[in-house]
Amino acid sequence: MSAKINRALVSVSNKQGLADFAANLRKHGVEIYSTGGTYKYLAENGIEVKKVEDITGFPEMLEGRVKTLHPYIHGALLADRSNPAHMEQVQEKNLKLIDMVVVNLYPFGETISKPGVTLAQAVENIDIGGPTMIRSAAKNYKNVAVVVNPEDYPNIIAEMDAKDGSISQEVLFELCVKAFKHTHEYDGVIYNYFSSLGEKQADLFRDPSGRFSDSISIGAIKIQDLRYGENPHQKAAYYRFKDSRPDSLVQARQLQGKELSYNNILDGNAALAIVKEFSPVCVSVIKHNNPCGAAIGTSVNEAYQRAYSTDPMSAFGSVVASNRTWTLEAARFMVDKYVEVLIAPGYEPEALELLKQKENLRIMEIDFDLDKYLKDLGQKKINPVDIKSMDGGLLLQDLDIGADDRAEMKVVTEAQPTAKQWEDLLFGWQIIKSVKSNAIVLTLEGRTVGIGAGQMSRVDSVRIAVDKSLGKAAGTCLSSDAYFPFADGVNLAAQEGIKAIIQPGGSVRDQEVIDACNDHGIPMVFTGKRHFRH
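As structure tokens, this is what we get:
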């Protein structure tokens, strides 16, 4: 069974390919009705077209707000051709059945993205008649073709060419699904805009009170299909949220290199997350979603060299991010190293020219105003969500971002950290959020020295961090993402010459751990805040 297309109603904002599509409909003898600007466009392109008011007998009103909201339109769309009672009423009311609706909606998303747009301008770009026609046609998809995407025009004409002006039920159903998707996404953009207004703001995941919503409708646009996921046998795709910030990785521009892999994207996001939270120049080096080095410095080159020196072996095939423009000096240091991806807010022309000699290096540029980001972060205007999938559902939580307040931390030992040790403790505490649990980070003078990640035992993470330091653990400060359950980790740290420790506290054996630090003369800070990352 197929639907013969005899009459079409066309009303679109995006007129891409419309003239050719309408001309081909006319070749099949389709009678075309249209409104406003679309009518004018078709007429100017030599397409025989009639006005919608020829069906309704009622002119447009309220400055175009009411055009197609009429029983003669929606009766013609909703009539079930297989229902005798419906067809009897069609005859009685002399309805002109409409077999195809070609509609795409007022560009609400484009309107609200313009600088300085007012609420009144946004409201005028809320389409009413369009979504109503789409839904009517989609509800009656067995009889009516509903076309919302210009990219479908060639396939629809090919279908009609092959079927003598008709469209199969299979294609009609596919068009119906796309139509409901279109209106769903459109309404989502409008909801997100209005929910963001006023003092109580909502987002894709939260209601105006800040509580996670009872139900979630995620608005995401596919950036690309990926070659594969974490492993070659897994299919994968890359999406961005419609309201993603310009300083998000999904908004980055790729200047060179083959397409990003699934793992590149995960590592790139982790690398960027570290450097975005530091006011000084900062560079991070990521491997398998863990930092193998991070550092601050007086220049990008200095920060990169200090981050790289933490673990040069692990930095092979890494992802690197900077919070400042990548310089020629830093490019010269990188040029003989195997790096998968480099992310920065800009590149010196000479640096970019040199880096492009590395054909396999994926070079990403991101619009990143560091001062604005840190200001928004401090004012809690940034409230992103961490999403993890599980079988049959999702887990949501606030993303663990922002620096912790030193004033809320407590020195619990007899010895007090020196000013320099405080700097390294706070630096390590900032980095620890990006290391998989159980996590230990050794720091000295604004750089990582050794990192132990992802172990089931905390003392094992200490051992790994010490091993990774290659004999440089003495004199460093140690950060632990969660409490020490026993004193063994502290005893090992003392044995290796570690000079200060920062950790959340909260263990039933806290006093045992504090006593061990006092025995070794090691100052220890309790933050009262844990930074697990699973």
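Every position in the sequence shown, counted from 1, becomes a number in this note's numbering once 18 is added. Even glycine gets a Cβ: it sits at the ideal position worked out from N, Cα and C. Nothing here was measured: the structure is a model prediction, and the numbers come from that model.
Q.
Pop quiz: I532 and S497 are said to be a contact at Cβ under 8 Å. What is the actual Cβ separation, rounded to whole angstroms?
A. Actually they are not in contact, since the Cβ atoms of I532 and S497 sit about 17 Å apart, beyond 8 Å.
Q: Go ahead and pull the three-state DSSP assignment for Q34.
A: Note: Q34 maps to coil in three-state DSSP.
Q: Would you please state the rounded distance, in angstroms, between the beta carbons of V162 and K196? I believe it to be under 8 Å.
A: About 14 Å; that fails the 8 Å criterion.
Q) When we look at the beta-carbon of A138 and count the other beta-carbons within 10 Å, is it buried (16 or more) or exposed? A) That one is exposed.
**Q.** N-terminal and C-terminal residue of the beta strand (DSSP E) that P309 is part of
**A.** Residues N308 to G315.
Q) Measuring CB to CB, does A369 end up less than 8 Å from A339? A) Cβ distance not < 8 Å, so A369 and A339 don't count as in contact.
Q) Grouping DSSP H, G and I as helix and E and B as strand, with all else coil, what is E383? A) Strand.
Q: Have a look at F230 and E426 and give me their C-alpha separation to the nearest angstrom.
A: Distance between the alpha carbons of F230 and E426: 27 Å.
Q. Can you name, in chain order, every residue of its own chain whose Cβ lies under 7 Å from the Cβ of R527, other than the five neighbours on each side?
A. Here the set comprises P503 and F504.
Q) Are the stretch 469-484 and the stretch 428-446 touching by the rule of at least three beta carbon pairs closer than 8 Å? A) The stretch 428-446 and the stretch 469-484 do not touch, with fewer than three beta-carbon pairs separated by less than 8 Å.
Q.
Can you find the residues in the same chain that come closer than 7 Å, C-beta to C-beta, to L190, ignoring five residues on each side of it along the sequence?
A. Once the five neighbours on either side are set aside, the close Cβ partners of L190 are A21, Y159, K160 and A163.
Q | Cβ neighbour criterion (16 or more within 10 Å) applied to M408 | A | M408 counts as exposed, since fewer than 16 other beta carbons sit within 10 angstroms of its beta carbon.
Q: Note down, in chain order, each residue of its chain lying with its Cβ closer than 8 Å to the Cβ of D285, except the 5 sequence neighbours on either side.
A: For D285, same chain residues with a beta-carbon under 8 Å away, outside a window of 5 residues either side, are I304, K305, H306, N307, S336, V337, E358 and V359 in chain order.
Q | Beta-bridge pairing of Y365 - partner residues as DSSP gives them | A | According to DSSP, which records beta bridges pairwise, Y365 is partnered with W344.
Q: Let me know the secondary structure DSSP gives G228 once reduced to three states.
A: Residue state, collapsed to three classes: coil.
**Q.** H200 to M151 span [Cα, whole Å]
**A.** When only Cα atoms are considered, H200 and M151 end up about 12 Å apart.
(Q) Using only the alpha-carbon positions, how far apart do A313 and Y326 sit? (A) Approximately 9 Å, taken between the alpha carbons.
Q: Out of V353, D329 and P172, state which residue places its alpha-carbon closest to the alpha-carbon of G468.
A: Measuring from the Cα of G468, the nearest candidate turns out to be D329.
Q: Spatial neighbours of V48 within its chain, please: CB distance less than 6 Å, with the 5 preceding and 5 following residues excluded, ordered by chain position.
A: The beta carbon of V48 sits closer than 6 Å to the beta carbons of I23 and A26 from its chain, once the five residues preceding and following it are set aside; these are given in chain order.
Q) In angstroms, rounded to a whole number, what distance separates the CA positions of R380 and T56? A) R380 and T56: Cα-Cα distance of roughly 44 Å.
Q | Of the listed residues V318, D354, A333 and L36, nearest to L346 (C-alpha basis) | A | Of the listed residues, the one whose Cα sits closest to L346 is V318.
Q) How about H549 and K454: are their beta carbons less than 8 Å apart? A) Against a cut-off of 8 Å, the Cβ pair of K454 and H549 comes out as no contact.
(Q) Report the start-end ranges of each alpha helix (DSSP H) in the stretch 260-312 that is 4 residues or longer and not cut off at the edges. (A) The stretch 260-312 contains, as complete alpha helix (DSSP H) runs of 4+ residues, the segments 280-293 (chain order).
Q. For L36, is the classification buried or exposed, using 16 other Cβ atoms within 10 angstroms of its Cβ as the cut-off for buried?
A. Under this definition L36 is a buried residue.
**Q.** N42 (DSSP reduced to helix, strand or coil)
**A.** The answer is helix: DSSP assigns N42 an H, G or I state.
Q. Is the number of C-beta pairs between the stretch 395-415 and the stretch 504-515 that are closer than 8 Å three or more?
A. Output reads no: the stretch 504-515 does not touch the stretch 395-415.
Q: From the DSSP output, in three-state form, read off K393 for me.
A: The three-state secondary structure of K393, taken from DSSP, is helix.
Q. If you count every other CB in all the chains shown that lies within 10 Å of the CB of L60, and 16 or more means buried, which is it?
A. It counts as buried.
Q) How big is the Cα-Cα spacing for S332 and C310? A) Here the alpha carbon of S332 sits roughly 6 Å from the alpha carbon of C310.
Q.
Assuming the contact rule is C-beta atoms closer than 8 Å, L96 and S154 should be a hit. Round their C-beta distance to whole Å, please.
A. That belief holds up - the Cβ atoms of L96 and S154 are roughly 5 Å apart, short of 8 Å.
Q: Within the same chain, show all residues whose beta-carbon is closer than 7 Å to that of A40, passing over the 5 residues directly before and after it, in chain order.
A: Counting only Cβ-Cβ distances below 7 Å, and skipping sequence neighbours, we find V28, I50, L60 and I65.
Q | Residue interval of the beta strand (DSSP E) (run including N122) | A | Note, N122: beta strand (DSSP E), M118 to N122.
Q. Exposed or buried, which one is E320 when buried takes at least 16 other CB atoms within 10 Å?
A. Taking all protein chains shown into account, E320 has 16 or more neighbouring C-beta atoms within 10 Å of its C-beta and is therefore buried.
(Q) I need the boundaries of the beta strand (DSSP E) containing M474, first residue and last residue. (A) Careful: M474 lies outside any beta strand (DSSP E) and carries neither H nor E.
Q: Return the Cβ separation of D404 and T545 in integer angstroms, given the expectation that the two are a contact with Cβ distance under 8 Å.
A: Rounded, the Cβ-Cβ distance is 20 Å, inconsistent with contact.
Q: Since I believe Y204 is in contact with P5 (beta carbons under 8 Å), could you give me their beta-carbon distance rounded to a whole number of angstroms?
A: No information on residue 5 is available, as it lies outside the stretch 19 to 552 that the chain covers here.
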